[in-house]
Each structure stands twice: as C-alpha cells, then as structure tokens.
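To start, the structure itself, in structure tokens.
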Amino acid sequence: MTLKDLFTGQVGKNNMDRKVFQLLTTLIVILALFLAAGFLFPETVSVILNVVWIILMASAAIFFTLGILVIIGMKNEAGRVLDLLLEGALTFIDFLEFLKNLWKRFVDLLKEFLLFASPIFAYIAAFLVYVLLLYIYKTVGKSHDVTIMTVIITAAAILGFGLLSKPQPNTIIELTWKGQFQKKFKAGFIDGIEVVLFVFFLTMDSVNLFFLPADLNIPLKAEFRGYDLMVRSFVYDKHVTTTIALIVTTVSLEVLRNMIKVFASARRYYSNFSHELENFGGTKRNTMDMLKEAIRKSFNDAKSDLIKFVTFNTVLFGVFLLFPRLKLLTLAVASVTNLALDLTIRSRLTAKKGSDLISRILQKAFRL
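If you count the sequence shown from 1, position 368 lands on 368 in my numbering, and the numbers rise without skipping.
Put into structure tokens, the structure is as follows:
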C-alpha cells in the first residue's frame with residue numbers, strides 16, 4: 001500500500017486488511033530484532049534509544065510552544081511555524097526520494113559491473129576448482145597409489161564438463177539481468193574449466209607447485225601390474241607395447257567418436273531428403289543416391305572440426321609423450337568417457353562446433 005493508493009482511493013477492504021496485517025507483522029519483526037540487538041549490542045541500542053528520546057522530547061517541546069503561542073495571542077505566528085514544519089517535512093520527503101533514486105542508480109551501476117566482470121568471477125571459480133582437485137589428488141597421493149584415483153578424477157571431470165557444456169536448444173528469450181549474468185558466467189566458467197582440466201592433467205605429478213605446501217609437493221606412485229605409469233612415455237623398455245596400446249586405443253576411440261558424429265549428421269540429412277521427396281515430390285532418387293549425398297554433406301560440414309580434432313590430438317600426444325605414462329592413461333579414460341557421453345546425450349553428435357576455447361586457440365595458432 002502506497003501514498004498514491006491512499007490518495008486515489010485504490011484500496012479495497014481486503015487489500016487494506018492484508019496491508020495492515022503486513023505492517024503489524026513488520027513492526028513485530030522490527031521490535032523482536034531490536035530486543036535481540038539489545039542483548040548483543042547494548043551500547044549501540046542505547047545510543048539509538050537516546051536519539052529517539054531526544055527527537056520525542058523536541059516534538060513535545062514544539063507542541064507545547066505552539067500551544068503557548070496560541071494562548072498569548074500569537075495565532076498567526078503559530079500558523080507560520082506549522083507551515084515551516086510542513087515545508088520541512090515535504091523537503092525531507094524530497095530528500096528521501098533523492099536517496100531512493102541515488103540507491104537505484106547505484107544498483108544499476110553495480111549490476112552493469114557484475115555483468116562486465118562475470119567472466120572474471122567464472123575464471124576465479126575455475127581456478128578454485130583446479131586447486132581443490134590438486135589438493136584432493138596430492139593428499140591421496142601422499143600415502144596411496146594414484147592409478148585408480150586418476151581414473152576416477154578423469155572420468156568425473158570429463159563427465160562433469162560434458163554435462164555442463166552440453167548443447168542447449170536455440171530458443172530466443174528475453175533474458176533478465178539474472179539470466180544474462182548466469183549465461184555470461186557459465187560461458188566463462190566453461191572456458192575456464194577447459195583450461196583447468198588441461199593444466200591439471202599437465203601438472204598433477206609436478207613437485208614444484210608454489211601454492212601447495214611442501215608435504216604435498218612430493219613424487220607420486222602409480223603402477224598397474226608391473227607397468228610403471230610414472231616413467232616417461234617414450235622410454236623404450238619391455239612395456240613399450242603397452243604404451244603404444246594406450247596411444248592406439250585413445251586415437252581409435254577418438255576416430256570412432258568422430259565417425260559416429262558424421263554418421264548421425266548424415267542420418268539427419270537422409271531423413272530430410274526422404275521427407276522432402278515424400279511430401280513435395282521432385283526428381284525420383286533411389287536410396288543409395290540419397291545416402292551418398294547425405295554422407296557427403298555431413299562430411300563437408302564436419303571437415304573443419306575433423307582438421308581441428310587431428311591438430312589438437314597431435315599436439316596433445318606430442319606434449320604428453322614428454323611426460324609420464326599416467327597422462328596417456330588420462331587421455332584414454334577421457335576418450336572412453338566422451339564416447340559414453342556422446343552415446344547418452346545424442347544432441348552432442350549433431351551439435352555445431354567452433355565456439356569453444358580450444359577451437360578458438362587452434363584457429364588462431366594454426367590459422368585453421
């Protein structure tokens with residue numbers, strides 16, 4: 001209920017009762033908070049009570065002064081004093097309105113700043129995720145073999161990232177400030193997590209991380225049936241065939257994933273061709289011709305992504321071969337997890353690529 005409602009008469013009985021009840025509830029809550037503050041902050045409450053008491057004393061003094069003025073025959077002077085008090089009250093209302101507008105402007109500027117800085121907040125959150133992962137991983141690695149832990153963290157990280165970045169339907173809606181903030185924060189967080197996962201797998205066995213305590217900067221142990229995962233990948237020994245098997249398995253899974261994506265896109269093209277032929281007629285074509293055209297279109301659409309895929313994985317394997325075999329294991333686990341995500345979330349198979357951070361870096365670095 002506002003002053004405008006009262007002056008325009010737009011207050012019904014039910015509405016009035018509800019507003020009165022709300023006002024009484026607010027007063028009771030304020031009184032309860034005031035009493036609680038009296039126990040927690042007695043000195044502050046005492047100062048507030050003294051200020052209120054002075055205001056009430058001044059009001060009483062003004063009241064009696066006006067009465068005395070009227071009694072001694074100074075009615076006009078008393079009226080002028082009342083006029084001054086009224087103008088002062090109206091000026092105070094204008095001041096409150098100014099404060100209200102000032103606060104509104106401050107809130108608008110704060111919202112604009114938060115929207116502008118939302119990617120920075122997202123990057124900070126992603127970095128905190130990186131530190132948390134490292135702490136968990138290193139803490140377990142102090143006293144245990146980290147092979148199983150590596151598999152669990154890799155699968156969980158790839159699964160979480162896949163669910164976070166899964167394709168969304170292209171619906172055009174008017175976003176509120178909260179929706180815009182969430183959208184920009186999510187986009188920045190996805191980019192940040194991409195970097196975080198890469199850096200985490202790159203540094204998870206490092207013993208020179210300055211932000212970790214000394215007891216966590218220690219060599220890790222990772223071994224599976226005599227296959228030492230902490231040995232450098234390209235070292236030639238009796239387990240070299242196992243290392244090659246890890247590489248071939250990972251590459252084969254990634255090739256399979258991309259073949260499935262091309263097939264899914266070709267299937268969609270073929271369905272469209274069949275629908276057009278059935279409903280709109282046109283030149284009669286056999287099944288094999290439509291299938292070939294669908295595969296050609298699908299492959300042409302995916303060609304750019306396939307080039308980025310080959311480039312990225314070549315760089316990734318080239319880098320990881322310089323590090324312990326444990327990183328090759330993470331690549332294999334990541335490929336298995338991504339394949340499971342592709343088969344579970346079918347929209348990933350036909351989603352358009354090119355807007356993620358890795359794609360942008362590859363385009364700029366290799367002019368793809």
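Ideal placement from N, C-alpha and C gives every residue a C-beta, glycine not left out.
Nothing here was measured: the structure is a model prediction, and the numbers come from that model.
Quick one: grab the DSSP three-state call for residue 324.
Start at 1 with the first residue of the sequence shown, and residue 324 comes out as number 324. Strand, per DSSP.
Quick one: Cα of residue 323 to Cα of residue 226, how far?
Locating residue 323 in the sequence shown gives position 323, where the first residue counts as 1. Locating residue 226 in the sequence shown gives position 226, where the first residue counts as 1. Answer to the nearest angstrom: the Cα atoms are 19 Å apart.
Secondary structure of residue 11, DSSP reduced to three states:
Reading the sequence shown from its first residue, position 11 is the one you call residue 11. Unreliable positioning characterises residue 11 in this predicted model, as indicated by a pLDDT of 49, which lies under 50. The coordinate reading is nonetheless provided below. Coil, per DSSP.
Which of helix, strand or coil DSSP assigns to residue 346:
In the sequence shown, the residue the question calls residue 346 occupies position 346. Residue 346: coil per DSSP, three-state reduction.
Can you tell me the Cα-Cα spacing of residue 350 and residue 337, whole angstroms?
For the purposes of this step, residue 350 is taken as the residue at position 350 of the sequence shown. For the purposes of this step, residue 337 is taken as the residue at position 337 of the sequence shown. Going from the Cα of residue 350 to the Cα of residue 337 covers about 18 Å.
Give me the residue from 52, 145, 144, 343 with the minimum Cα distance to residue 261.
By 1-based counting over the sequence shown, the position of residue 261 is 261. Here the closest residue by C-alpha is 343.
By Cβ distance, which residues of its chain are closer than 7 Å to residue 70, with the 5 residues on each side in sequence left out?
The residue labelled residue 70 in the question sits at position 70 within the sequence shown. Excluding residues up to 5 positions away in sequence, 78 lie with their Cβ nearer than 7 Å to the Cβ of residue 70 in the same chain.
How many whole angstroms separate the CB atoms of residue 316 and residue 258, which I take to be in contact at a CB cut-off of 8 Å?
Counting from one through the sequence shown, the residue named residue 316 turns up at place 316. Counting from one through the sequence shown, the residue named residue 258 turns up at place 258. Contact flag wrong, Cβ pair sits at about 15 Å.
Short Cβ contact (8 Å threshold) for residue 146 with residue 221:
Locating residue 146 in the sequence shown gives position 146, counting from the first residue. Locating residue 221 in the sequence shown gives position 221, counting from the first residue. Contact annotation: residue 146 and residue 221 have beta-carbon atoms nearer than 8 Å.
Rounded to a whole number of angstroms, what is the C-alpha to C-alpha distance between residue 154 and residue 164?
Position 154 of the sequence shown, counting from 1, holds the residue named residue 154. Position 164 of the sequence shown, counting from 1, holds the residue named residue 164. For residue 154 and residue 164, the distance between alpha carbons rounds to 15 Å.
Looking only at its chain, what residues have a beta carbon closer than 7 Å to the beta carbon of residue 348, apart from the 5 residues adjacent to it on each side?
For this step, residue 348 is matched to residue 348 along the sequence shown. Beyond the five residues adjoining it in sequence on each side, residue 348 comes within less than 7 Å, by CB distance, of 166, 167, 341, 342 in the same chain, given in chain order.
Host alpha helix (DSSP H) of residue 46 (start-end)
Counted from its first residue, the sequence shown places residue 46 at position 46. 42-71 is the span of the alpha helix (DSSP H), which, as asked, contains residue 46.
Among 62, 332, 22, 203, which has the Cα closest to the Cα of residue 130?
The residue labelled residue 130 in the question sits at position 130 within the sequence shown. That would be 203, whose Cα lies nearest to the Cα of residue 130.
Which residues does DSSP pair with residue 224 in a beta bridge?
Position 224 of the sequence shown, counting from 1, holds the residue named residue 224. The partner list for residue 224 (beta bridge, DSSP) reads 227.
Assign residue 6 to one of three DSSP states: helix, strand, or coil.
Locating residue 6 in the sequence shown gives position 6, where the first residue counts as 1. Because residue 6 sits at a pLDDT of 48, beneath the cut-off of 50, its placement in the model cannot be relied upon, and the point is left open.
Which same chain residues end up closer than 7 Å to residue 242 when comparing Cβ atoms and leaving out the 5 residues on each side of it in sequence?
Stepping through the sequence shown from its first residue, residue 242 is reached at position 242. 227.
Could you check the C-alpha separation between residue 106 and residue 35 for me, to the nearest Å?
As a first step, residue 106 must be located in the sequence shown, where it is residue number 106. As a first step, residue 35 must be located in the sequence shown, where it is residue number 35. For residue 106 and residue 35, the distance between alpha carbons rounds to 32 Å.
I'd like to check one pair, residue 311 with residue 201: are the Cβ atoms closer than 8 Å?
Reading the sequence shown from its first residue, position 201 is the one you call residue 201. Reading the sequence shown from its first residue, position 311 is the one you call residue 311. It is not a contact, given that the beta carbons lie outside the stated cut-off.
Cα-Cα separation between residue 24 and residue 198, rounded to whole angstroms
The residue labelled residue 24 in the question sits at position 24 within the sequence shown. The residue labelled residue 198 in the question sits at position 198 within the sequence shown. C-alpha separation (whole angstroms): 58 Å.
So, for residue 118: in the same chain, excluding its five sequence neighbours on each side, which residues have a beta-carbon less than 6 Å away from its beta-carbon?
Taking the sequence shown and counting its residues from 1, one reaches residue 118 at position 118. Correct list, in chain order: 181, 184, 185.
From the DSSP secondary-structure annotation, give me the bridge partner or partners of residue 232.
By one-based count along the sequence shown, residue 232 stands at place 232. Its beta-bridge partners are 324.
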